[in-house]
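What the sequence shown shows, in our numbering, is residues 2 to 256, in sequence order.
Using N, Cα and C, we set each Cβ at its ideal position, and we do this for glycine too.
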Amino acid sequence: MSPIHDPQPLPVPRRSRRPSLSFGEDFRRFFLGGLQALLPTLITVSVIIWVWDLLWQNLGRHLITALKLTWENISNTGLLPLEPPGYIEHYWSEDNLRTRIVGVLLAILAVYIVGLLVGNLIGRTFWKLGEQLVMKIPVIRAIYPAVKQVTDFVLADRKDHFDYSRVVAVRPHEGGIWSVGLVTGLGLAPLEESIGEPMVTVFVPSSPTAFSGYVLIVPRSGVVELPMTVEEAMRLLVSGGVISGSEQREAIVDE
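Next up, the structure:
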């Protein structure tokens with residue numbers, strides 16, 4: 002019989018040690034992690050503060066002034082108790098947080114009322130007449146049209162229009178480069194007759210400002226439909242391609 006040899010113990014694999022990071026690298030890693038966590042909140046708060054200041058400085062404080070004058074006039078007529086001199090000014094002081102809250106709420110109400118009036122035919126007609134009168138002033142005539150075009154484009158309600166759009170890939174140039182766009186309508190009839198092929202109109206948003214972009218009129222056969230929703234396409238463009246459609250769906254499933 003051959004001698005029985007004891008099995009040799011297997012070598013224990015050594016754990017590789019992670020290289021120690023310097024203080025600067027460690028600080029940079031944690032700082033970027035904290036910045037990534039806080040930056041969305043900080044930007045959101047900054048936007049809210051900017052809107053608050055815009056409403057207060059341009060509308061709210063003037064409405065509070067009108068409220069003080071109205072209170073004084075009504076008090077002088079005897080409909081309200083006559084207050085001591087300076088009481089109304091002190092009560093509605095602009096340094097008071099309560100005054101600013103009331104001013105911003107009145108500004109929001111005023112904006113809503115203007116939108117309600119402009120939303121019907123009569124109010125819209127009077128508003129256009131007012132714009133025509135304002136356009137006769139030389140300085141305003143040079144500034145107002147450009148500002149109105151920008152605000153109309155940014156604040157226009159295009160949700161219903163884009164909800165029925167299809168997300169497609171289109172080649173704006175040769176060389177195999179594709180862009181993500183939205184089919185917003187049919188092509189121009191004269192162009193279709195000249196080319197002899199059905200065309201579609203595609204809006205290609207810019208990145209990261211997806212509310213701006215350019216329009217392409219391309220053959221229907223030159224677009225590739227993508228299995229994405231409009232919201233997923235917008236997130237893809239705003240994030241600069243960091244968030245893809247598949248990653249968004251995985252994140253929603255994980256939640």
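{"Asked": "Go ahead and pull the three-state DSSP assignment for M200.", "Found": "strand"}
{"Asked": "Pick helix, strand or coil for G223, following the three-state DSSP scheme.", "Found": "helix"}
{"Asked": "If we define contact as Cβ-Cβ less than 8 Å, is V169 a contact residue for chain D?", "Found": "Note that chain D does not occur in the displayed structure, where there is just one protein chain."}
{"Asked": "From T202, A190, M235, pick the residue whose C-alpha is nearest to that of V208; which is it?", "Found": "Residue identity check: residue 208 is Ser in the sequence provided, not Val. S208 has its Cα closest to that of M235, out of T202, A190, M235."}
{"Asked": "Is the CB-CB distance between V201 and V219 below 8 Å?", "Found": "yes"}
{"Asked": "Who does A170 pair with in a DSSP beta bridge?", "Found": "V181, V225"}
{"Asked": "In terms of residues, what are the limits of the alpha helix (DSSP H) holding S76?", "Found": "62-78"}
{"Asked": "If you draw a straight line from the alpha carbon of S240 to that of L55, how long is it in whole angstroms?", "Found": "28 Å"}
{"Asked": "Touching or not, the region 103-113 and the region 56-70, by the rule of three or more beta carbon pairs under 8 Å?", "Found": "yes"}
{"Asked": "Is it a yes or a no for the region 165-175 touching the region 220-229, going by three-plus beta-carbon pairs under 8 Å?", "Found": "yes"}
{"Asked": "Measuring CB to CB, does L68 end up less than 8 Å from W93?", "Found": "yes"}
{"Asked": "In this structure, what does DSSP give as the bridge partners for V216?", "Found": "F204"}
{"Asked": "Is the CB-CB distance between W51 and R101 below 8 Å?", "Found": "no"}
{"Asked": "Looking at the unbroken alpha helix (DSSP H) that takes in V44, where does it start and where does it end?", "Found": "Looking at the sequence itself, residue 44 is Ile, so the reference to Val does not match. Note, I44: alpha helix (DSSP H), 24-56."}
{"Asked": "Look up G120 in the DSSP assignment and say whether it is helix, strand or coil.", "Found": "coil"}
{"Asked": "Quick one: using the 10 Å Cβ neighbour count with 16 as the cut-off for buried, is G104 buried or exposed?", "Found": "buried"}
{"Asked": "Can you list, in chain order, the residues of its chain whose CB lies under 8 Å from that of I196, leaving out five sequence neighbours each side?", "Found": "P220"}
{"Asked": "Can you tell me whether DSSP reads L83 as helix, strand or coil?", "Found": "coil"}
{"Asked": "Which residues share a DSSP beta bridge with L187?", "Found": "V201"}
{"Asked": "For I75, is the classification buried or exposed, using 16 other Cβ atoms within 10 angstroms of its Cβ as the cut-off for buried?", "Found": "exposed"}
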